[in-house]
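Take the sequence shown: its position 54, counting from 1, is numbered 58 in our numbering, and each next residue is one higher.
A short write-up of the structure that comes next.
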Amino acid sequence: MSGCLIIAVVMGAGIEGYGLRMFSVFMFQQLTLMMAVPPLLILGRPGTLLLRSTPHWGPGRLVLRMAHAGLRSRISRIALHPGFMIPLFLISFYGVYLSDLADQLLPTWYGHVSLEVLFLAAGVLFTVPLISTDPLPIRQTHFGRFVDIFAEMPLHAFFGVIIMMATTPVVDFFSTLPASWDVDPMTDQGIAGGLAWSYGELPSVLILLFILMRWQRDDSRQAAAADRHAVLNGTPELDAYNAYISRLNDRADRTHRS
Numbered sequence: 005m006s007g008c009l010i011i012a013v014v015m016g017a018g019i020e021g022y023g024l025r026m027f028s029v030f031m032f033q034q035l036t037l038m039m040a041v042p043p044l045l046i047l048g049r050p051g052t053l054l055l056r057s058t059p060h061w062g063p064g065r066l067v068l069r070m071a072h073a074g075l076r077s078r079i080s081r082i083a084l085h086p087g088f089m090i091p092l093f094l095i096s097f098y099g100v101y102l103s104d105l106a107d108q109l110l111p112t113w114y115g116h117v118s119l120e121v122l123f124l125a126a127g128v129l130f131t132v133p134l135i136s137t138d139p140l141p142i143r144q145t146h147f148g149r150f151v152d153i154f155a156e157m158p159l160h161a162f163f164g165v166i167i168m169m170a171t172t173p174v175v176d177f178f179s180t181l182p183a184s185w186d187v188d189p190m191t192d193q194g195i196a197g198g199l200a201w202s203y204g205e206l207p208s209v210l211i212l213l214f215i216l217m218r219w220q221r222d223d224s225r226q227a228a229a230a231d232r233h234a235v236l237n238g239t240p241e242l243d244a245y246n247a248y249i250s251r252l253n254d255r256a257d258r259t260h261r262s
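Below you can see the structure in the form of structure tokens.
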């Protein structure tokens, strides 16, 4: 619910009006939709909620069949694979702003909203394999999640540095602001780069800490389970090794006495 509320505020509530013309506000919208909203939506476990609450009769049966088919489909595996989601993350920054795509889409309201939907979808696809506890077609190891988030963190930080160091407008659409706003386009562009470099890092750091905490918790749980299993059933391999060492020690003692 918090994620849905933030979406409503970021894509409305007056912010959208400024985001239509100001680079810094639009960058704030993008970073919020890509970095801050997806973890909140995913931690709400929407997939589990869907599977548990949908009735098994009538239209609900069709919804469940579609959900199960989506989980087993090859498209889902590809969409959640690092080889797909990390390039999509790159396109959402470098591909949009360092090409003509932004200038082609931003002048229209439909193009503007399409980019916002792209940012939200890219953020969800990137975040799902990292922290989701819903049923997934593929599930990464903790080390794989750590590598993915660690590889992503420099991407928007470096992009922010590029924007801040640019001496000309990166997006021509944002170079002409209403005169009544009294905003310098280059100053606004510098703020946008600063947001990409700073604000974009905070959610990534929090996700990284979340992954490390879950990794440590799962390792502790597995170690405790292994200890309980050893107490109940013993450790055949360790017992056999100890017996082998004991036989060697007995043989060495007999040889020494002889």
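Just so you know, even glycine gets a beta-carbon here, dropped at the ideal spot from N, CA and C.
Run the CB neighbour count on residue 101, radius 10 Å, all protein chains shown included, and call it buried at 16 or more, exposed below.
Stepping through the sequence shown from its first residue, residue 101 is reached at position 97. By the 10 Å Cβ count, residue 101 comes out buried.
Using the Cβ count rule (16 or more neighbours within 10 Å means buried), how would you classify residue 116?
Position 112 of the sequence shown holds residue 116. Buried, because 16 or more other Cβ atoms sit within 10 Å of the Cβ of residue 116.
Taking all protein chains shown into account, do 16 or more other C-beta atoms lie within 10 angstroms of the C-beta of residue 79, making it buried, or fewer, making it exposed?
The residue given as residue 79 occupies position 75 in the sequence shown. Around the beta carbon of residue 79, fewer than 16 other beta carbons sit within 10 angstroms, so the residue counts as exposed.
So, for residue 3: in the same chain, excluding its five sequence neighbours on each side, which residues have a beta-carbon less than 6 Å away from its beta-carbon?
Residue 3 lies beyond the stretch modelled for the chain, which goes from 5 to 262, so this question has no answer here.
Assumed close pair residue 47, residue 142 - CB separation to whole angstroms, cut-off 8 Å
On the sequence shown, residue 47 is found 43 positions in, with the first residue counted as 1. On the sequence shown, residue 142 is found 138 positions in, with the first residue counted as 1. Residue 47 to residue 142, Cβ: 19 Å. No contact.
Quick one: grab the DSSP three-state call for residue 61.
As a first step, residue 61 must be located in the sequence shown, where it is residue number 57. Looking at residue 61 - three-state DSSP - the assignment turns out to be coil, as it is neither helix nor strand.
Apply the 10 Å Cβ neighbour rule to residue 26 and answer buried if 16 or more other Cβ atoms are within range, or exposed otherwise.
Numbered from 1 along the sequence shown, position 22 holds the residue referred to as residue 26. It counts as buried.
Helix, strand or coil at residue 193 [DSSP, three-state]:
As a working note, residue 193 is residue 189 in the sequence shown. Looking at residue 193 - three-state DSSP - the assignment turns out to be helix.
Buried or exposed, going by whether 16 or more other CB atoms sit within 10 Å of the CB of residue 232?
Here residue 232 corresponds to residue number 228 of the sequence shown, with the count starting at 1. By the 10 Å Cβ count, residue 232 comes out exposed.
Are the beta-carbon atoms of residue 156 and residue 93 separated by less than 8 Å?
Working through the sequence shown from its first residue, we reach residue 156 at position 152. Working through the sequence shown from its first residue, we reach residue 93 at position 89. Yes, Cβ-Cβ distance for residue 156 and residue 93 is below 8 Å.
State the start and end residues of the unbroken alpha helix (DSSP H) segment that holds residue 113.
Walking along the sequence shown from the start, residue 113 turns up at place 109. Note, residue 113: alpha helix (DSSP H), 113 to 135.
Quick check on this structure: which residue in 51, 62, 121, 86 has the alpha carbon closest to the alpha carbon of residue 30?
As a working mapping, residue 30 is identified with position 26 in the sequence shown. The option with the nearest alpha carbon to residue 30 is 121.
Expressed to the nearest angstrom, what Euclidean distance is found between the alpha-carbon atoms of residue 125 and residue 38?
Here residue 125 refers to the residue found at position 121 when the sequence shown is read from its first residue. Here residue 38 refers to the residue found at position 34 when the sequence shown is read from its first residue. Straight-line Cα distance between these residues: approximately 8 Å.
Where residue 196 falls, given that 16 or more other Cβ within 10 Å makes a residue buried
In the sequence shown, residue 196 corresponds to position 192, counting from 1. Looking at its Cβ environment, which holds 16 or more other Cβ atoms inside 10 Å, residue 196 is buried.
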